[in-house]
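Before any comments, here is the structure.
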Ligand code: SF4
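Numbering (the working numbering), first residue to last: 79 to 475.
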């Protein structure tokens with residue numbers, strides 16, 4: 079609809095929707111905007127005079143991570159479609175640890191991104207020659223990673239629709255993306271229709287196939303069985319899929335497999351979250367690639383895990399466990415044992431293998447050490463060469 083001057087008519091008049099629509103349409107675009115911005119008004123009305131700290135709209139957009147400990151990551155161009163929380167509420171989650179101490183975690187729910195700002199960025203870059211800080215990255219078509227400090231595919235997106243809208247925008251501009259999720263919403267029929275196997279790599283995080291422990295540690299996330307079924311459905315529709323065993327929690331305390339001086343004479347309580355038989359189960363669901371990333375835990379996570387499990391995970395770390403930026407890590411030798419054994423199982427079941435070094439590699443040694451284990455040395459996430467629109471990674475920046 080347009081007014082007598084040919085200018086598009088703003089159909090919204092709510093306290094947030096009116097301004098959002100204006101922002102979205104500041105740059106004329108061939109992308110048809112059917113998004114119902116009244117969702118933001120409803121959220122605003124829900125809190126009335128007592129708006130949550132930070133407001134009902136998450137202000138983030140896209141970002142290129144530049145921190146030292148992820149400088150070599152191939153997929154550090156990312157976006158969260160929700161901010162300030164995640165209803166999956168995983169006890170080991172870095173974002174939960176970081177935001178809880180700032181009283182921003184699920185206070186009281188995660189809030190949706192300003193999708194008008196995203197539409198505005200894509201229209202500016204791909205339909206004008208105006209300046210935009212994302213232009214050089216977007217024009218190189220560096221894949222965008224969905225999901226970092228929150229899960230973009232929480233089932234609440236059925237109500238708020240911002241992830242759904244982002245997928246439509248990415249499809250319209252034929253833009254490649256990599257999804258990190260713990261939710262089977264990614265294989266919902268409506269969502270699959272707005273995704274494109276030529277553009278998308280779908281990585282499902284599954285740290286365990288033990289349903290009870292998963293419910294304990296990832297209380298708001300769909301079960302491992304639902305996640306595996308979602309992967310199978312995606313594969314049947316031509317999507318390139320990966321299971322991320324990340325965080326990978328060793329079954330026994332550090333040194334059990336790798337330290338010749340480990341005291342095996344004492345009774346040990348195993349932690350049956352990860353299990354070696356996971357690899358065979360993953361292979362049965364037509365997933366081509368497995369990626370492993372060793373757990374590291376920050377102090378708040380240790381507390382959350384103790385509350386959930388009833389015992390202290392510190393017992394699983396060696397006495398001299400490396401502590402950086404207040405997080406506990408497993409030793410390089412134990413990490414290598416797990417990676418090599420998982421890779422051997424992947425070889426046995428015809429799966430590709432990779433590792434994620436984020437959070438475990440302040441010196442760059444882990445990256446160098448593990449790269450020979452990867453099936454795809456050009457891309458730890460193993461999408462380059464396997465998803466048609468993936469022609470570059472952050473290594474090109
Ligand atoms: S799904 Fe991801 S972002 Fe959400 S709580 Fe779990 S680890 Fe954190």
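Ideal placement from N, C-alpha and C gives every residue a C-beta, glycine not left out.
Output yes or no for whether 8 angstroms exceeds the beta carbon distance between residue i and residue j.
i           : j           : result
residue 409 : residue 422 : no
residue 429 : residue 378 : no
residue 277 : residue 253 : yes
residue 445 : residue 150 : yes
residue 296 : residue 168 : yes
residue 170 : residue 383 : yes
residue 371 : residue 322 : yes
residue 218 : residue 470 : yes
residue 155 : residue 224 : no
residue 480 : residue 242 : The structure shown does not extend to residue 480, since the chain spans only 79 to 475, so no value can be given for it.
residue 234 : residue 166 : no
residue 260 : residue 283 : yes
residue 393 : residue 348 : no
residue 307 : residue 267 : no
residue 140 : residue 212 : yes
residue 230 : residue 320 : no
residue 337 : residue 411 : yes
residue 116 : residue 92  : yes
residue 289 : residue 300 : no
residue 340 : residue 333 : yes
residue 131 : residue 185 : yes
For residue i, does the three-state DSSP call read helix, strand or coil?
i           : result
residue 29  : Coverage of the chain is limited to positions 79 through 475, which leaves residue 29 absent and any answer about it impossible.
residue 283 : strand
residue 346 : coil
residue 122 : helix
residue 357 : helix
residue 466 : coil
residue 48  : It is not possible to answer for residue 48, since the shown part of the chain is limited to 79 through 475.
residue 136 : strand
residue 474 : helix
Just to check, is the beta-carbon of residue i closer than 7 angstroms to a non-hydrogen atom of the ligand SF4?
i           : result
residue 235 : no
residue 164 : yes
residue 173 : yes
residue 116 : no
residue 299 : yes
residue 478 : Residue 478 cannot be examined here, being either before or after the span of the chain that is shown, 79 to 475.
residue 296 : yes
residue 260 : yes
residue 63  : Coverage of the chain is limited to positions 79 through 475, which leaves residue 63 absent and any answer about it impossible.
residue 148 : no
residue 324 : no
residue 228 : yes
residue 167 : yes
Which residues mark the beginning and the end of the alpha helix (DSSP H) in which residue i is found?
i           : result
residue 305 : 302 to 314
residue 269 : 267 to 272
residue 100 : 95 to 102
residue 289 : 289 to 295
residue 140 : It is not in any alpha helix (DSSP H) - residue 140 instead sits in the beta strand (DSSP E) that spans 140 to 142.
residue 248 : 240 to 250
What residue range is occupied by the uninterrupted beta strand (DSSP E) comprising residue i?
i           : result
residue 368 : 367 to 372
residue 321 : 318 to 326
residue 152 : No beta strand (DSSP E) contains residue 152, which DSSP labels as neither H nor E.
residue 259 : 255 to 259
Does any CB atom of chain D fall closer than 8 angstroms to the CB of residue i?
i          : result
residue 90 : Absent here is chain D; the protein component of the structure consists of one chain.
Examine the ligand NAP and report whether any of its heavy atoms sits within less than 7 angstroms of the Cβ of residue i.
i           : result
residue 300 : Although the ligand NAP was asked about, the structure shown includes only the ligand SF4 as ligands.
For this session: Write down every uninterrupted run of the beta strand (DSSP E) in the region 165 to 228 whose length is 3 residues or greater and which is fully enclosed by it, in chain order.
Result: 222 to 224
Exercise. Residue ranges of each beta strand (DSSP E) run of no fewer than 3 residues wholly in the region 376 to 459, ordered along the chain?
Worked result: 405 to 407, 430 to 433
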